[in-house]
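Protein chains in written order, with the working numbering: chain A, 294 to 513; chain B, 1482 to 1672.
In this text, a Cβ means the ideal position worked out from N, Cα and C, and glycines have one as well.
Notes for the one structure printed next.
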Amino acid sequence: MDPQGIEGEDGFVKKEKKKSKYEVEEAKVTITSLMDIMTILLVFLMVSITSDPLNIQQNDDLTLAKSTAQTKPKDSIPVTINKRAILADQALVAEVACKLGAQRCRQEDRDRRVACRQPDATCDPDEVKRLDQMYFYVEDRFKEDGSDKSFLIEPLFKELEKLVKQQKEENEALGRTFAGTTTMVCDQDIPFRLLTEAVYSAGRAGLFDIRFAIIKSGER
Amino acid sequence: MSKRTERGREVQDWGEIDVTPVMSILVILIPVLIFAFNFFEVSIQQVAAPKVGTPKEAKEDKKKQLQLTVVINEKGFTIKQNADLVTEKEKPIPKRAISSDDGAGEYDFPRLYTQLRRIKMAWPEEKTVNITGNPKIPWHVVARTIDAARLKLTEAKYDSMKEYASAEIMVDKKTGEPQVMFDQVVFAVTD
């Protein structure tokens, strides 16, 4: 038999009709396996996001410090201290002011500081030194009696006191004991003074188990 | 749409399910979730509420306490202890002449660890360390100072930053738990 033809009933070999080069077969893409992958990915992402008790989003104003600590975070009242504000359980309680030398920080100084900290930044060492002098603090009007010597940040204390009361009531209804735990989500540049003020205010509100969120790092 | 089988029964042919709209939702939802996902692991460092006042106030305790305090200032560290229990003169730990991206590398953490480990050997029962210092010291330096005080590392002495940075934590052979040095951290503030 002619390999290029089909033998007909009359014995003659019919030549197979040549396919037109413009005739294209309809292509079908099977997306079922892609659907499976995407469904698994979706479930994984949703579980990961919802199971994280802190779910911290880092940005220019909030970069966590690194540490080798290995203790896992647990459910607690979160207090966020970034370069612009203090938040108690996502509620804004006080502004964080910034000064550079004797003057208030300008937005361009803040931007420049972020830019100079990039790995490929080529900033003048004197400029880096100057920008490192940025000092973050809470204004006296937010402190107890408006005194700069006070360690109590009143709006933070009041909000935490409210949250502690609420949590105590919830725990009582559920028959659980109140742990008095707070997790401080602090920017790495927040000075020691502001840290102690926040910790002191939390302690006064009845939160004695104070934990600081850090990024787990292999190197100390 | 219907078609007849070989036996002559008429069956309904539903054709293929169009999953394109579902795919479109997934294609939008997944990047949104990936954006919200944290690609770093968060841990916690535990501290106690600050003691306000000079450390001498605690002297009233009948049992003499070590009152180990690490003072962080712009020049480096100073380790302070109860004056009655000090056997050697306090020596400050000045900054190293090395630089790192975050500036914290200038602090001599290997020497701080070495000195704290020596104190731990003399006072094995002591677990509390007070951290105090200049109000302007940033949190990342305080966090690394707590790291240096918290756990025992495999070596008792480290000279270079490189060795210290990659040092392994000493683990208890029986329990498998890390061996603690001064894991009860208290922020102390002097008026």
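Residue j beta carbon less than 7 Å from that of residue i
i	j	result
residue 480 of chain A	residue 323 of chain A	no
residue 1669 of chain B	residue 1611 of chain B	yes
residue 508 of chain A	residue 1521 of chain B	yes
residue 493 of chain A	residue 435 of chain A	no
residue 1511 of chain B	residue 334 of chain A	yes
residue 364 of chain A	residue 1647 of chain B	no
residue 379 of chain A	residue 387 of chain A	yes
residue 1614 of chain B	residue 1552 of chain B	yes
residue 1627 of chain B	residue 1526 of chain B	yes
residue 372 of chain A	residue 429 of chain A	no
residue 404 of chain A	residue 393 of chain A	no
residue 503 of chain A	residue 475 of chain A	yes
residue 450 of chain A	residue 461 of chain A	no
residue 454 of chain A	residue 498 of chain A	yes
residue 500 of chain A	residue 473 of chain A	yes
Below-7 Å beta-carbon distance, residue i vs any chain B residue
i	result
residue 507 of chain A	yes
residue 486 of chain A	yes
residue 360 of chain A	yes
residue 504 of chain A	yes
residue 479 of chain A	yes
residue 366 of chain A	yes
residue 489 of chain A	yes
residue 291 of chain A	This structure gives no information on residue 291 of chain A, because the portion of chain A shown stretches from 294 to 513.
residue 483 of chain A	yes
residue 427 of chain A	no
residue 437 of chain A	no
residue 510 of chain A	no
residue 342 of chain A	yes
residue 459 of chain A	no
residue 295 of chain A	Here residue 295 of chain A scores only 47 on pLDDT, less than 50, and its place in the model should not be relied on; the value that follows carries that caveat. Not closer than 7 Å to any Cβ of chain B, the Cβ of residue 295 of chain A fails to qualify, so no.
residue 445 of chain A	no
residue 334 of chain A	yes
residue 326 of chain A	no
residue 372 of chain A	no
Minimum Cβ-Cβ distance from residue i to chain A less than 7 Å
i	result
residue 1660 of chain B	no
residue 1539 of chain B	Note that residue 1539 of chain B scores a pLDDT of 48, beneath 50, so its modelled location is shaky and nothing firm can be said.
residue 1652 of chain B	no
residue 1628 of chain B	yes
residue 1502 of chain B	no
residue 1549 of chain B	no
residue 1586 of chain B	Reliability of the predicted coordinates at residue 1586 of chain B is poor, the pLDDT of 48 falling under 50, and no value is obtained from them.
residue 1495 of chain B	no
residue 1604 of chain B	no
residue 1663 of chain B	no
residue 1505 of chain B	no
residue 1552 of chain B	no
residue 1637 of chain B	no
residue 1522 of chain B	yes
residue 1546 of chain B	no
residue 1498 of chain B	no
Best match in the options for proximity to residue i [C-alpha to C-alpha]
i	options	result
residue 369 of chain A	A/444, A/505 and A/398	A/505
residue 1630 of chain B	B/1609, B/1555 and B/1588	B/1609
residue 353 of chain A	A/412, A/387, A/406 and A/449	A/406
residue 399 of chain A	A/427, A/500, A/362 and A/346	A/427
residue 1659 of chain B	B/1642, B/1633 and B/1643	B/1633
residue 477 of chain A	A/367, A/325 and A/511	A/367
residue 383 of chain A	A/347, A/404 and A/433	A/347
residue 1619 of chain B	A/475, A/376 and A/415	A/376
residue 361 of chain A	B/1645, B/1513, B/1653 and B/1656	B/1645
residue 1607 of chain B	B/1499, B/1652 and B/1661	B/1661
residue 1560 of chain B	B/1594, B/1587, B/1497 and B/1519	B/1594
residue 1575 of chain B	B/1547, B/1617, B/1549 and B/1591	B/1591
residue 511 of chain A	A/358, A/349 and A/321	A/358
Identity of the residues DSSP links to residue i by a beta bridge
i	result
residue 430 of chain A	A/390
residue 1619 of chain B	A/484
residue 479 of chain A	A/374
residue 355 of chain A	A/352
residue 1524 of chain B	A/507
residue 1558 of chain B	B/1553 and B/1574
residue 337 of chain A	In the DSSP output, where bridge partners are listed per residue, residue 337 of chain A has none listed.
residue 1660 of chain B	None, per the DSSP bridge assignment.
residue 436 of chain A	A/446
residue 1609 of chain B	B/1665
residue 397 of chain A	A/392
residue 1650 of chain B	B/1634
residue 1515 of chain B	None; residue 1515 of chain B has no bridge partner.
residue 379 of chain A	A/374 and A/387
Below 8 Å, how does it come out for the segment 1591-1599 of chain B and the segment 1636-1644 of chain B: are there three or more Cβ pairs, yes or no?
With a cut-off of 8 Å, the segment 1636-1644 of chain B and the segment 1591-1599 of chain B count as touching, because enough Cβ pairs lie within range.
Count the CB pairs spanning the segment 1619-1630 of chain B and the segment 480-489 of chain A that are closer than 8 Å, and state whether there are at least three. Contact check between the segment 1619-1630 of chain B and the segment 480-489 of chain A: three or more CB pairs, one atom from each, fall below 8 Å, which counts as touching.
* Counting Cβ pairs, one atom from each stretch, are 3 or more of them under 8 Å apart for the segment 1492-1504 of chain B and the segment 458-474 of chain A? -> Because the criterion of three Cβ pairs below 8 Å is not met, the segment 1492-1504 of chain B and the segment 458-474 of chain A do not touch.
Interface positions of the segment 1612-1626 of chain B facing chain C (Cβ-Cβ less than 9 Å), listed along the chain:
Absent here is chain C; the protein component of the structure consists of chains A and B.
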